[in-house]
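Have a look at the structure below before the remarks.
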Amino acid sequence: MDNSEEQSAEELQLEAEIRMIELDIAALDKKEAQRRAREALRDELEAQEQLLEAWQASLAELRRERREAEAEFLFATKEDRREEARLKADFDEARRRTEALRARLERLDRFEDVAASIGVAEEGIG
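Those letters in the sequence shown? Residues 240 to 365, by the numbering used here.
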């Protein structure tokens, strides 16, 4: 093999190594983006859970006030009942969204566990 063939072979080898490094960097970037996305989902789930707790407390307070009013022979108005129904519907919708977020996060965590077990998460492709 002459000098130019050796140089060409070395250049090809270096280019292949550079491509592998670029692929590794892309895999790490993707892994970091997935980590940030999961963290954002966890934050959103936590916020939803706090909202659910606040709504639950609000509904409990509304019911308590209504019971007190009924005990004093002051019956809840139609508007009060509509407001309670609206709050309950909003609460139920928030609960559904929270459960959907929790399920999505659990699926992502399971996917990450599977990916880690086959070496994709840590080593990247290649």
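Just so it is clear, CB atoms sit at the ideal spot from N, CA and C, and this is done for glycine as well.
Helix, strand or coil at residue i according to DSSP, with G and I counted as helix
i	result
Ile403	As displayed, the chain neither begins before 240 nor continues past 365, which places residue 403 out of reach and without an answer.
Thr337	helix
Residue from the options with nearest C-alpha to residue i
i	options	result
Leu344	Leu251, Glu256, Gln252, Ala276	Ala276
Ser305	Leu291, Glu292, Arg321	Going by the sequence as given, residue 305 is Arg instead of Ser. Closest by alpha carbon: Arg321.
Phe330	Gln289, Glu318, Asp348, Arg303	Gln289
Arg274	Ser356, Asp348, Glu285	Asp348
Is it a yes or a no for the segment 315-334 touching the segment 284-298, going by three-plus beta-carbon pairs under 8 Å? yes
field: Meets three-Cβ-pair contact criterion under 8 Å: the segment 332-346 and the segment 255-271
entry: no
ask   = With contact counted as at least three CB pairs below 8 Å, one residue from each stretch, are the segment 338-358 and the segment 271-285 in contact?
value = yes
> At what residue ranges does the segment 276-328 contain a whole run of the beta strand (DSSP E), taking only runs of 3 or more?
Replying inline: none
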